[in-house]
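Below is one structure, written out as structure tokens; comments come after it.
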Amino acid sequence: MLTPEYLQRITEGAEEISSSLHRNIMNMIIERVMNRIARGEDYLLTQTDKWQIKVLQESGELLADIQKEIADKTKKQTKEIQDAFRDAGIKALEWDDAIYLAAGLSPTPLLQSPIMLRILERDYLATAGEWNNFCRTTAEESQRVFINAMDNAYHLVSTGAVSYTQAVRDVINNITDVGLKVNYPTGYRMSIESATMMIVRTGVGQAAADISLKRMEEMEWDTVLVSAHLGARTGNGGMNPGNHLWWQGRFYSRTGKDKRFPDFVKTTGVGTGEGLCGWNCRHSFGSGDGVNNPYEDKKITLADNHRVEELQKKQRAQERRIRDTKRKIQNLQTAVDNCKDDKARFELQNMLDRKAHTLKLQNKRYSAFCEENDLREYAERLKVAKWDRQQAMKTAGAARRYENIKNMGTKKM
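One rule links them: number in the numbering used here = place in the sequence shown (from 1) + 12.
Now the structure itself:
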């Protein structure tokens, strides 16, 4: 059995690699955009055919560079996911095997069991394959972002719709706002980091479930204990697998034959996306003795769970906004550093300063929210790749600059 805290942390290494990939790809896109449009209006308004040829050439080069970057990160990510699955498998069976040993049984250690290792490998390969798939689509999306940005800039300036400086500002603003997202067939979109977190946590949870169930079959063990935690999702509130609060922290019968306990599969929906060990689920399970339930003394009421569930949703929303703002600041910094036109660079710097001020306010609100609601601040959830001490100091300076200019304007009024 894996703890909710373990499943919360298990994705950190994979998220960090994905965040670095995201940052590097955005840098590549913005550097090329600025190289094309940020040298001045005369440079931008070359002959249409010549402009289009250059854009297409550079989009091909960009795609090649991004594919190289993805290949490099894939090597690191593959090992990270593999290590996460192996560690999770060992941890999951520690609980189970203690129950079996106490009952006088002799389970084979995970790393000495070909069957268990094959299950882990199967689930690991499925998760790594999913990561590879959305990385490939990310490369194509990156190329589209670049070409669309170039087309938009050329159209705005050539038709006289906006000034050259405004066009540069609008294009960079659009790129930073949209960013790079993983697109799902349902139409849902999420960042590379969030998508990685979801597939790794879900994959690890499912792998732990698969080997725990296999071990129970080997040991002919029927009693299952499911973990519990505050803030469990409640779905529609009904007595169904989507309401994790309803089924958590209880004993079950794996086969449904032991009438002392509810049927494990029917009640929890294990193996389905909405149920136990499904999408982004932090619950786990293991063998139980039907008597000793560590969750029994920690009865979680509906009111307490609902309060924590809602607070956690709000906290995660604030954390996402802070990460998003940091990425936008990094994108704007890349644009400023690569802008050759003085007027355009001045406008971009103003955008950066304003965004830095927004980040300062968001950080204050986040700290106040956590303090008011007795929540732990998760500094690790606020991290983005390449946000180092130097970047933090630059951003703090930009926020002060914005505040000074704003205060001067207020005094004049």
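Cβ coordinates follow ideal geometry from the N, Cα and C atoms, glycine included.
By the 16-neighbour rule on beta-carbons within 10 angstroms, leucine 373 is exposed.
Taking a C-beta distance under 8 angstroms as the contact criterion, histidine 241 and arginine 181 do not qualify as a contact pair. In the DSSP secondary-structure assignment, phenylalanine 263 is bridged to Leu237. Taking a cut-off of 8 angstroms for Cβ pairs, the segment 229-245 and the segment 297-306 touch, as three or more such pairs fall below it. Out of Ala391, Phe381 and Ser32, the CA that lies nearest to the CA of glutamate 205 is found in Ser32. Cysteine 289 and alanine 115 have their C-alpha atoms some 26 angstroms from each other. Look at the segment 184-243 and you find these whole runs of alpha helix (DSSP H), each 4 residues long or longer: 204-231. Secondary structure of glycine 250 (DSSP, three-state): coil. With fewer than 16 other CB atoms across the displayed protein chains lying within 10 angstroms of its CB, glutamine 124 is exposed.
Under the DSSP definition of a beta bridge, serine 299 partners with Val236. In this structure, the beta-carbon distance from arginine 227 to proline 119 falls below 8 angstroms.
Annotation for serine 30: Ile204, Glu205 and Thr208 place their beta carbon closer than 6 angstroms to its own, counting only its chain and skipping 5 residues before and after.
Here isoleucine 102 has Leu122 and Leu123 as same chain residues with Cβ atoms under 8 angstroms from its own Cβ, once five neighbours each way along the sequence are excluded. Taken through DSSP and simplified to helix, strand or coil, aspartate 77 comes out as helix. Ranked by Cα distance from alanine 315, the first of Asp353, Ala368 and Ala244 is Ala244. Residue burial is scored here from C-beta neighbours: glycine 250 has fewer than 16 other C-beta atoms within 10 angstroms and is therefore classed as exposed. The three-state secondary structure of aspartate 400, taken from DSSP, is coil. Around the beta-carbon of histidine 167, fewer than 16 other beta-carbon atoms lie within 10 Å, marking it exposed.
Within the same chain, and ignoring the five residues on either side of valine 67 in sequence, the residues whose Cβ sits closer than 6 angstroms to its Cβ are Met162.
Per DSSP, reduced to three states, the secondary structure at aspartate 270 is coil, with no helix or strand assignment. Taken through DSSP and simplified to helix, strand or coil, aspartate 386 comes out as coil.
Judged by DSSP in its simplified three-state form, aspartate 99 adopts helix. When only Cα atoms are considered, leucine 75 and methionine 40 end up about 10 angstroms apart. Taking every protein chain shown into account, the CB of tyrosine 264 has 16 or more other CB atoms within 10 angstroms, so this residue is buried. Under the three-state reduction of DSSP output, aspartate 353 falls in the coil class, being neither helix nor strand. With the rule of 3 Cβ pairs closer than 8 angstroms, the segment 137-148 does not count as touching the segment 250-262. At a Cβ-Cβ threshold of 8 angstroms, leucine 323 and leucine 387 count as neighbours.
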